[in-house]
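Notes for the one structure printed next.
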Amino acid sequence: MSKVGKTPIDIPEGVDLKVEDGAITAEGESGLEFTQEYDPDFVTAEIKDDELVMRRKADKKEYKEKHGLYRSLVANMVEGLVNPFEKILVLEGLGYRVRKQGGSLVFELGYSHPIEYPLPENVEAEVEDNDQVTIKGPEKQVVGQVAADIKSLRPPEPYKGKGIKYKGEEIIRKEGKLSGGEEAEIG
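Each residue of the sequence shown is one higher than the one before, counting from 239 in this note's numbering.
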């Protein structure tokens, strides 16, 4: 069995899981409902003793791949209903700011105009000190995509480190050009 796929998914309290042919639906206490489709030709799913067990129908490579994939997608769906996923972005640079305005974020990133980024459904954003944004939501893929989209507005540059980066991300710095054979003074 797939190392990932063979692990059963615990169904936490407050999450209602339904298995239908080719789809698993999860509903949380907050009323949010998500459906993850799977290919019934490759795997089967059943609920036993507050656990969701997924099994593949053959031991071929493609079946093993799909088994692990579907199990991970369903596990993330269940986890997101209980504990929302989050990504923290940090703005570095003189005059770089962010503010929340209605259902969108407004960035000032050194361009001639502010950039407005509308937040998708079920995604929340918290702004701290005008230079840090926390993106939260129940869907891991959507939270990651929103964070990547925001980062792409002004990716960090390697010379001064200005731009938007993930909290804890290290930017590999480059040394600037030297003129006329001089040695660089570091410090």
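In this text, a Cβ means the ideal position worked out from N, Cα and C, and glycines have one as well.
Of the listed residues L290, N321, Y276 and I402, nearest to V336 (C-alpha basis): For the purposes of this step, residue 336 is taken as residue 98 along the sequence shown, with counting starting at 1. Comparing Cα-Cα distances from V336 to each of L290, N321, Y276 and I402, the minimum goes to I402.
Residue interval of the alpha helix (DSSP H) (run including S342): Numbered from its first residue, the sequence shown carries residue 342 at position 104. Run containing S342: none in the alpha helix (DSSP H); it sits in the beta strand (DSSP E), S342 to E346.
Segment limits, beta strand (DSSP E) that includes K374: Residue numbering aside, residue 374 sits at position 136 when the sequence shown is read from its first letter. Here the beta strand (DSSP E) through K374 covers Q370 to G375.
Is the Cβ-Cβ distance between G375 and L319 less than 8 Å? Sequence index remark: in the sequence shown, residue 375 carries index 137 (1-based). Sequence index remark: in the sequence shown, residue 319 carries index 81 (1-based). Taking 8 Å as the Cβ cut-off, G375 and L319 do not qualify as a contacting pair.
Compute the distance between the beta-carbons of Y276 and I262, then report whether it is under 8 Å. Position 38 of the sequence shown holds residue 276. Position 24 of the sequence shown holds residue 262. Yes, they are a contact pair.
So for R392, helix, strand or coil by DSSP? Numbered from 1 along the sequence shown, position 154 holds the residue referred to as residue 392. Coil.
First and last residue of the uninterrupted alpha helix (DSSP H) at K403: Position 165 of the sequence shown, counting from 1, holds the residue named residue 403. Note, K403: premise wrong, no alpha helix (DSSP H); beta strand (DSSP E) at G401 to Y404.
In or out: H305 buried (at least 16 other Cβ within 10 Å) or exposed? Here residue 305 corresponds to residue number 67 of the sequence shown, with the count starting at 1. It counts as buried.
Roughly how far, in whole angstroms, is the beta-carbon of N314 from the beta-carbon of K378, given that I think they are within contact range, below 8 Å? Mapped onto the sequence shown, residue 314 falls at position 76. Mapped onto the sequence shown, residue 378 falls at position 140. Confirmed, Cβ separation roughly 5 Å.
Between L357 and L343, how many whole angstroms is the CB-CB distance? I'm expecting something under 8 Å. Working through the sequence shown from its first residue, we reach residue 357 at position 119. Working through the sequence shown from its first residue, we reach residue 343 at position 105. That pair is a contact at about 7 Å.
With a Cβ-Cβ cutoff of 8 Å, do Q274 and L311 count as a contact? For the purposes of this step, residue 274 is identified with residue 36 of the sequence shown, where counting begins at 1. For the purposes of this step, residue 311 is identified with residue 73 of the sequence shown, where counting begins at 1. Yes. Within cutoff.
Would V384 pass as a contact of V365 if the rule is Cβ separation under 8 Å? For the purposes of this step, residue 384 is identified with residue 146 of the sequence shown, where counting begins at 1. For the purposes of this step, residue 365 is identified with residue 127 of the sequence shown, where counting begins at 1. Not in contact: V384 and V365 (Cβ atoms no closer than 8 Å).
Spatial neighbours of K299 within its chain, please: C-beta separation below 8 Å, excluding the five flanking residues on both sides. Here residue 299 is taken as the residue at index 61 of the sequence shown, counted from 1. Result list for K299: empty, nothing under 8 Å.
Going straight from the alpha carbon of Y349 to that of L270, what length do you get? Looking up residue 349 in the sequence shown gives position 111. Looking up residue 270 in the sequence shown gives position 32. Cα-Cα distance, rounded: 38 Å.
Would you kindly work out how many angstroms separate the C-alpha atoms of G382 and I373, rounded to a whole number? Numbered from 1 along the sequence shown, position 144 holds the residue referred to as residue 382. Numbered from 1 along the sequence shown, position 135 holds the residue referred to as residue 373. Cα-Cα distance, rounded: 9 Å.
Please state if the CB of L347 and the CB of R392 are separated by a distance shorter than 8 Å. Along the sequence shown, one-based indexing puts residue 392 at 154. Along the sequence shown, one-based indexing puts residue 347 at 109. Yes.
Out of curiosity, what's the CA-to-CA distance linking D387 and E408? By 1-based counting over the sequence shown, the position of residue 387 is 149. By 1-based counting over the sequence shown, the position of residue 408 is 170. The alpha-carbon atoms of D387 and E408 are separated by roughly 19 Å.
How would you write the range of the alpha helix (DSSP H) that L307 sits in, first residue to last? Stepping through the sequence shown from its first residue, residue 307 is reached at position 69. Here the alpha helix (DSSP H) through L307 covers K299 to V320.
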